[in-house]
Structure formats: structure tokens, C-alpha cells
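Numbering-wise, my numbering puts 1683 at position 325 of the first sequence, and it's gapless, one number per residue.
Just so you know, even glycine gets a beta-carbon here, dropped at the ideal spot from N, CA and C.
All remarks here apply to the structure that follows.
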Amino acid sequence: MASIPRRERYSSVALSGGAKMATESDQRDRGFDHTEIEPAWQEAWAEADVFRIPDDAEDPAYVLAMFPYTSGNLHMGHVRNYTITDAFARFERMRGEEVLHPMGWDSFGLPAENAAEERDTNPRDWTLSCIDSMREQLTRMGFGYDWEREVATCDPDYYRWNQWLFERFHEEGLVERQGAELNWCPSCETVLADEQVEGEDELCWRCDTPIETREMDQWFLSITDYAEELYEALDDLEGWPNNVREMQRNWIGKQEGASVAFEIPGYGEVDIFTTRLDTIYGATYFSLAPGHPVAQEIAEKNDEVAEYVEMAAAADEDELDVTSGVFTGEYAINPATGEEIPVYVADYVLTDIGTGALYAVPAHDDRDHEFATAHDIPIQQVVEPTEDADIDPEEIDIQEAAYTEDGVLVNSGEFDGLTSEEARERFVEEFDGEHRTEYNLRDWGISRQRYWGTPIPMVWCDDCGAVPVPEEDLPVELPEFVHTTGNPLDAAEDWKHVSCPECGADAVRETDTMDTFIGSSWYFLRYVSPGLEDAPFDSERASDWMPVDQYVGGIEHAVMHLLYARFFTKVLDDVDLLDGIREPFENLTNQGMVLGEDGNKMSKSRGNGVSPQRIIDEYGADTARLFIMEAAQPEKEFAWSGEGVRSAHDFLQNLYTLAVEYETGEVTTADGGSDDDAAIAEYVAREIEATVASATAEYEDFRFNHALQAVRELVSLLRRYREVTVVDPETFEDGLVTATKLLAPVAPHVGEEIWDELGNDGLLVEAVWPVAETPEGHILERRLIEDTREDVRDIIETVGIEDPAEITLAVASAWKHQVADVARDAENVVPAVMQNEELQRYGEEAADYAKELAGRGHVEEFLSPDREQAALDRAAWLIEREFDADVTVLAAEDAPDDLASKAEPGRPAIDIAE
RNA sequence: GCGAGGGUGGCUGAGCGGCCAAAGGCGGCGGGCUUAAGACCCGCUCCCGAAGGGGUCCAGGGGUUCGAAUCCCCUCCCUCGCACCA
């Protein structure tokens, strides 16, 4: 795999280089050529089938990236996403886990139709070619997937199961046909689910076109049946980011409250929903949404109301003022007071929130207050702050502004003095209401008036109504695509006309297709048994392999995809297709954005985009992967940096070169050298162990940048090691091998190349992850060395020593360590030390030191004198090298008294001679 | 408005009760290696200091503690999500 040994290449450069500057390509010739090694190793992995996971694997680590939409292009966001999962999967694999790391294609959707229109082809061919191209790009990045498990949602063998599941849902009573006012995207010419409408401006999630509303009959999945569990279970999803859980909570919008009926004479009882039943005595008017049935009824008799209702229906969202509304002339009876309060129809009351009707309490609700003020409705206070509240009840002027906090009841008849909380509980019974929980979540409208999706397997019969297509006739395949302005399925006459499965009469197929999010709601189950022909997935295996252990993808799916997938999983468990799996994704990571070099979001208009293709061509996949992983922790955003890319590339080249130099004998080695050399080797060996321990922990915690930082430090140490002395071959090679292994999940191609170069058998991808504990005392030791080096620097600098010749370090005597040990645990340090018989011998000295420690308030942990000395011995070379001076490390008893007496635990005495 | 997450040195960013003047990277400065360049290596990069010392410091203010960048409260600012939600 590796080409020419480095030496030959080097000499060829030397021959041709002469005095002129080496070109970039010359430099590259000294290291590896990524265009050569990357495809070669990709082929080697494929041949060895290393990413394949057998069906009989038991509970493998399931590492999953959100599958891409088949746009045809891999962008940096994808590269980051897939680098993270690939690195983690490779890490787990090297640790001996069986790993399920599959890939597939979210391949239905409108863009394919648009592309087909533009290119005079059809969505299928277009999509299939996109898939081929994206698979190729993923492979070039070196991502290791089990391609035998590849799935594509546009494949009839896949979407037949969307249909089959739709019918199962139907049988379970989870499919409903509802007429509703729906979000219509005029550009996509289809309806959208609420989740697919974004922001205040109400834009289509795909094309950013402002949404219109349309009244249509639609197929809905009853996700609201699961609202409670979807909401409550979020608390236990501890492996999920808080913001995603919070977004889902927001979206589901659980509200605990109560409903109470108000009588409107002539119109019967009207249910209201409220979270503030405690304020019922303060209700001074009653308000109906324009869409409320009673409002409609009143409109029939009252022209003014009719006019308002009509206007409200026609008006756009924000067109009407918040105080707009009309008095109906009717009165409602407040069940608490028995009083009649005027009934208004007001646009600020929303039809689909609560019951679409409410009693208004201007004194304790901001919107009601505003409305009451505008309409000259009385404002009656019924709650005042509790005594321990921050606000003085005297300061509250409810004519000026509503007091919306909980408090104590006033003006509420016999209930005065109850707290808000008590009143809410009490009033439910008192006024014949009931506890009620409302959710914001609406049912999931899945009908789309588009071609490139899963046909909804229903047939419309004049006599039988909507009839499901019999299971044996699935899949209902898409007909040939035709170019048309409307829905191509509507135009497919032959396809559309069928006989009714129930009565055999002439009937027509449902021409709407399913929301593409149906396909992504269970694809993670299909990977378990992708070819299965008689069920969507193998239930037993899925129950064993699920949930997904690590799921990584963009935050844009926080509500839509992730909520739908949770919903599907729960339903599938309830219909026994799964066994006890209630949640699909145990741990979730949302990778941050990759910004352009200017710190802004990459975009065509800014021209700050970086194409993965170009980076692979120029620097190779490993460089791109390493740069991305070093740049930031997965969930953080970072800006692309040419400098960073080059740095990653240089590092890989340097490590490779170091390995080659070692292998070709350019690194001078000697077995069992001097004592000094042995000490240095031991230092290096301990650092190797420490690096393994910390890098492993960082990989586990998804802090790849920290792991990689540790690897860089190790490699830097190895370089210094070989510079300062003849190296111990075993230690040095262990260092190289360790660094290579720790790097393997991120830079797998270069890793294999080095692995091979060092003469190892087999593939690195299948090698065993190193295991080591942080050497005992390593942290204290590192601190000691760093402090000491810094002190030496400080002294040389402050004193202005030109050329230090001899540095003597003396460890503190054993009794000082003992004083510190006693002091650490003592309440009263000085007495504790002086009462210690052993320490009494040191009299004044011990007392003085004890006083000093007592003054610090806290005594740190220290190494014992022996271990301090040993640690300094091992690290002496670093000091010698830095200051170009001889270094002597002495035990207290071997050092001159005046020196030794200056030493403290963790702080050797330092003498520097010029 | 409600909710979540944040505000750390020239920048980026770790730390989240003592070992913190605060990791790493970038940038800047000086030095080594080299015919030279790159790469690599060694320092410095808040202020004062002729032996490891002292001062100030982690958005602002207050508090808890022997001790706070780290915990609590208030204020200001940023980012994200939801929002005429009864």
C-alpha cells in the first residue's frame, strides 16, 4: 500500500531541490499521498468486510446518524455528522463491541419532483442517481457502513411497509379522516403539518414560502393519543440535550387546568377551559372564538356578530387588533356568583385552544385586561398577593394592570382567604367542573398532494367509503411520473381507477401521498432486517438491538422527526411489533453548524461555502475528518479555517514521517542505555499510559477534540524524546502504535498506513483499542514537574541568569511531608503537629512550618519524598533540554542543609549555578 | 412575554468550590535547528519584582464560605425555541 520508502524520496528531492525552494508537491512526496492511500484502504476494508454486522449479533452498539435527504450533494454538515458517528463506531469496534452502523436514504420528497421538471427526467431516476453519487462521496470520506443494510425510503420494498403500517395504525383506530383548516404551501402545492411551518412568519420548512390556509379533508395519525406519554417520558430521556426536550415539551404544550360549564340562556351550556379557576369570581365577561359553534349560532340571528365572524375568518393572522371583538347581546351565568356577564365574540380567543370559549378575568389576565379596558368592561379584583410575597397588596392597582400571580382570594364570597392553589382544587367540585389536561399538540396530518411519496393505500368507493387496500395487494406502487401542473397521481387515470376491494364496484384510489416523515419514523428499525419480506422488521431482533445507543443529527429535527419517531416506536410497541421498547433513541447529540471562514453560516449568496469534495481532493478525507473533530466538541458550532485544515494535514504527515523514520532506522535506538536514558524511557512510558487513559475517557464522552489534543501531545513528546537521546525501541514503538490507534477512529486511512509501515499484521480498523489506567500519582507528578519547571524559568528570568550551567533540585525532607500529612486532616494544625511525638523532635522548625500551612487554610495532596524524587529524575531531561544545563536531583539527606531547608512538599528547593 | 442555554485573557475555548493568572489552539514577540524557507523544537504574551514573591482578574452588583471563574440572589447583554395557549 505504501509506495516508495521515504529515504529514496527524500534523496530525490535533495538531488533536484538544490538551493531553490521545495515546491509543495515535493513536500508532499516526503509523506503519504492521500490520493493513493485512501482509496486503497477503503478497498481493503470492503474486501475484509469489516463493517458488516451479522444478524445473530447480540445487542450490538447501535450508532446511527440521521440519514440524509437525497439532494445529490454531501455538504459540510453531513461530513461533520457522519464523521462523528463513524469515529464513534470505529472506537467501539476497536474496543471489541459489535457495532451496527448503517446508512440509508431519505429519498422521497418534493425537491426530486422539481429537479425532474427542470432536467426533463423523473423523480425516480433523479433520486437513484443522487443516491449513487452520495454513496460514492460517503465512501470517499472513508465512512464505514454496513452497506448490506442500506435502505431507501423511495424503494417499493421499503414504502410498502409505510403502507402496511398505515393500515395497522388504521386498525388500531389511530388513523382519522378529518376536515380541517390546513397549512398550504402555494409553492410546494401541498399541505403541511403544523411542525413543518416555521417561525412567526409561518414559512414552509422546505422552501420558506409563506403559508396560506386551506380547508381540506385529510388523513391524520392520532399522535395526540400519545401526547401524555410523549410529554412525560421526556423527563427520563437523560441522554438527550435539554434544549431538545424543552422544545418537545413546548410543542406538546401540556396544560393542567379545569373545565367548567357556563349557561348562556337560549344556547345551553358552554364549556370553558381554564388554568386559573381560582379567579372565577372575577369573571366580568365571557368570550367566544369566532369559530365556536355558539358564536356561529348567535351569528345567524345577529348581523353584527355575523359580520364580525366573517371578517375574523377572512382576516390574516395579525390583521385584527388584540382588542377586536363584538358584544353579542347575550349574557352568560357565572356559576360561582350567579351573575350575568356579557358574552363577546373576540378574535383573541382561538378556536383550537382549550374549548374555544373562556370566561375573562381582566383583573388577573393581561389580554383580558386590555380587552376590558377597550370595551369599558368592569374590572374586579379577586386575588391579592400573599403576605410573604414581595409586593405590597396596597401597591396593586388592577385598574392599571392585571395582577397575574397566584395569591390569596378576596371578593370571592365564602372562599376569601383561600390560596389560589387551594381554590383551584376546591372550585372544581364546588362548581361542578372537572380536572382537565389540554395539549397544544395536534394530530399529524400526513396527506400530501404530491407525486414523490408513499401512496396512501386507500380506495374511495361510492358505497363503501374509504376502504384500505388489502394487505396482499401491497405495495400500491407509484405510477409512471407525468409532467403536469397538479398532482401527477390525479392525472394517472389507469392507475387511479380500480374496483372497490370490498364490493367490487368502480372506485378510485386515494391520490394523496404520505408525508415523507413517515418514512423516517421507523427506518432505524428497518436496518435491523432490511430485506425482510413479510414484515417491516424482525421484531425479536429489533427488540434486542434497539434502542439506538447513539443518535447524531441536526437540531432542525428536534421536533418533527424526533417526535414522530418516538410516536411510532410507542405505537409499534403497543401493537407488539416491539417488545418493551418505548423510546427509539437512548442518547442524542445534535451536531453544531459548520460556519464559513468568515464566521457566518455557509451559503451560496455569501460565497463562503467549502465543498467537501474539494477538501478531499486537496488534503484527503483524513485531514477533513481530523480538522472537523479537532475544531470543537460535536454539539458546538465552529468556523471553517484554512489554517486549521493545514495544521491537521501537517500533523498527519508528521506522524507518518516519524513512523517511517523509525522504521527505516533514522531514529537512533539503543536497548537498555544509561540510567538516565532508562529514566527518560520510563517517563515516556508513563505518559503513554496516561494518554491512553485520558483519550479513552474523552472518546466515551464524545469530546473528541480533547482526545485528539492528548494524542497530539503524545506525538510531540515522542518527537522530543527522539531528539534528546537514543530511544528505547520498545517504548518508542509503543508510543507510535498507541498514537496511531488513538487516532484511528478519526484518521483511519493514515492510521492503516502507519500500522502497516510499522509491520503490524491485519488491519488497524480491527486492532484492539489500548487499555491503560492513568499511572498512580500521575496528576500530582505532572503538577510537580510543571511547577518546578516554571519556578526554574521564573528564577532564571527574574535574576537574569545568562547561561545556567548546573541546576540542583532537592526534595523536602520526610518530616516536612509528615507535617503536611498531619496538617491536612487536623482541625487545629499547630497543636496537632506539635503533639505528634515523631515531629516534636524538629521543634521550632516543625512548628514554623505548621504555622505556615495553617495560614494557607488548605493543605494539598503531595507525593511522598521518594516518589517526588523519582518523578523529578524521570523528568530531569526536560529541564536539561530546556535550559541546556546539568540537572541533579537530590534527596533531602544528600543535599546541603541550607538548600534542603528551603524545600517543601510538592516544591523542591532549586539552586542554579552559572 | 414564557422557556432553555450562555457571557472566561488579543481572538477562540476548556475549567464549574481549594492544586486557577486560569488547559489547548490561533494570532503576536523572541530564540533554537537550517546555506535558506517550510516543518519541527524552546520560551514569552495582565501589572510590579535582581531566587521561585506580590498585586489585580473570569459581564456588573450583592451574598454564602476559612476559601468562588466555579454555589445562591438581583441587573444587564447574547443565542436558540415557543408564543394572541385561556
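DSSP three-state assignment for residue i, whether helix, strand or coil
i, result
"residue 1959", "strand"
"residue 1872", "strand"
"residue 1382", "With a pLDDT of 40 at residue 1382, under the threshold of 50, the modelled position of that residue is not reliable, and the figure given next carries that caveat. Reduced to three states, the DSSP call for residue 1382 is helix."
"residue 2149", "helix"
"residue 1886", "coil"
"residue 1499", "coil"
"residue 1530", "coil"
"residue 2179", "helix"
"residue 2196", "helix"
"residue 1387", "With a pLDDT of 48 at residue 1387, under the threshold of 50, the modelled position of that residue is not reliable, and the figure given next carries that caveat. Looking at residue 1387 - three-state DSSP - the assignment turns out to be helix."
"residue 1754", "coil"
"residue 1794", "strand"
"residue 1939", "coil"
"residue 1683", "strand"
"residue 1691", "strand"
Identified DSSP bridge partners for residue i
i, result
"residue 1459", "Answer is none; residue 1459 lacks a bridge partner."
"residue 2270", "2165"
"residue 1488", "Answer by DSSP bridge pairing: none, since residue 1488 is not bridged."
"residue 1857", "1864"
"residue 1736", "None; residue 1736 has no bridge partner."
"residue 1536", "1576"
"residue 1806", "1871"
"residue 1464", "1427"
"residue 1645", "1702, 1716"
Sequence-distant residues of the same chain with beta carbon closer than 8 Å to residue i, five excluded per side
i, result
"residue 1436", "1426, 1970"
"residue 2026", "2080, 2084, 2085"
"residue 1771", "1639, 1694, 1695"
"residue 1439", "1423, 1424, 1910, 1911, 1912, 1949"
"residue 1964", "1954, 1956, 1958"
Neighbourhood of residue i by C-beta distance below 6 Å, restricted to the same chain and skipping five residues each side
i, result
"residue 1735", "1642, 1643"
"residue 2206", "none"
"residue 1922", "1875, 1879"
"residue 2217", "2178, 2181, 2182, 2211"
"residue 2065", "2053, 2056, 2057"
"residue 2232", "2037, 2040, 2041"
Element boundaries [beta strand (DSSP E), containing residue i]
i, result
"residue 1865", "1864–1867"
"residue 1400", "No beta strand (DSSP E) holds residue 1400; the alpha helix (DSSP H) holding it covers 1392–1406."
"residue 1816", "1816–1819"
"residue 1948", "1946–1948"
Run of the alpha helix (DSSP H) containing residue i, from where it starts to where it stops
i, result
"residue 1782", "1778–1788"
"residue 2087", "2087–2101"
"residue 1909", "Per DSSP, residue 1909 belongs to no alpha helix (DSSP H); it is in the beta strand (DSSP E), 1908–1911."
"residue 2048", "2033–2058"
"residue 2000", "2000–2021"
"residue 1452", "1434–1452"
"residue 1970", "1970–1977"
"residue 1617", "Unbroken run through residue 1617 is the beta strand (DSSP E), 1613–1622; no alpha helix (DSSP H)."
Nonlocal neighbours in the same chain, by C-beta distance under 7 Å from residue i, ignoring five residues either side
i, result
"residue 2006", "1981, 1984, 1985, 1988"
"residue 1979", "1396, 1498, 1499, 1500, 2107"
"residue 2140", "none"
"residue 1845", "1807, 1808, 1809, 1869"
"residue 1467", "1427, 1810, 1874"
"residue 2263", "2170, 2174, 2175, 2178, 2220"
"residue 1331", "Because residue 1331 is not part of the residues shown, which for the chain are 1359 to 2272, the question remains open."
Segment contact flag, the segment 2045–2054 with the segment 2120–2133, C-beta cutoff 8 Å, min 3 pairs: With the cut-off at 8 Å, the segment 2045–2054 and the segment 2120–2133 touch.
The segment 1493–1511 in contact with the segment 1853–1869 per 3-pair CB rule at 8 Å: Here the segment 1493–1511 does not lie against the segment 1853–1869, with fewer than 3 beta-carbon pairs under 8 Å apart.
Touching by the beta-carbon criterion (3+ pairs, under 8 Å), the segment 1757–1772 and the segment 1530–1545: Too few Cβ pairs lie closer than 8 Å, so no.
Inter-stretch contact (C-beta, 8 Å, three-pair minimum) for the segment 1520–1538 and the segment 1870–1882: Touching, per the Cβ criterion.
Cβ contact check for the segment 1646–1658 and the segment 1958–1966: 3 or more pairs under 8 Å: With the cut-off at 8 Å, the segment 1646–1658 and the segment 1958–1966 do not touch.
Contact between the segment 1822–1829 and the segment 1783–1801 (3+ Cβ pairs under 8 Å): Short answer: they don't touch.
The segment 1501–1508 touching the segment 1885–1898, judged by at least three CB pairs closer than 8 Å: The segment 1501–1508 is in contact with the segment 1885–1898.
Sufficient close CB pairs (3 or more, under 8 Å) joining the segment 2051–2069 to the segment 1441–1450: With the cut-off at 8 Å, the segment 2051–2069 and the segment 1441–1450 touch.
Segment contact, 8 Å Cβ cut-off, at least three pairs: the segment 1586–1600 with the segment 1930–1947: Yes, since at least three Cβ pairs between the segment 1586–1600 and the segment 1930–1947 fall closer than 8 Å, the two stretches touch.
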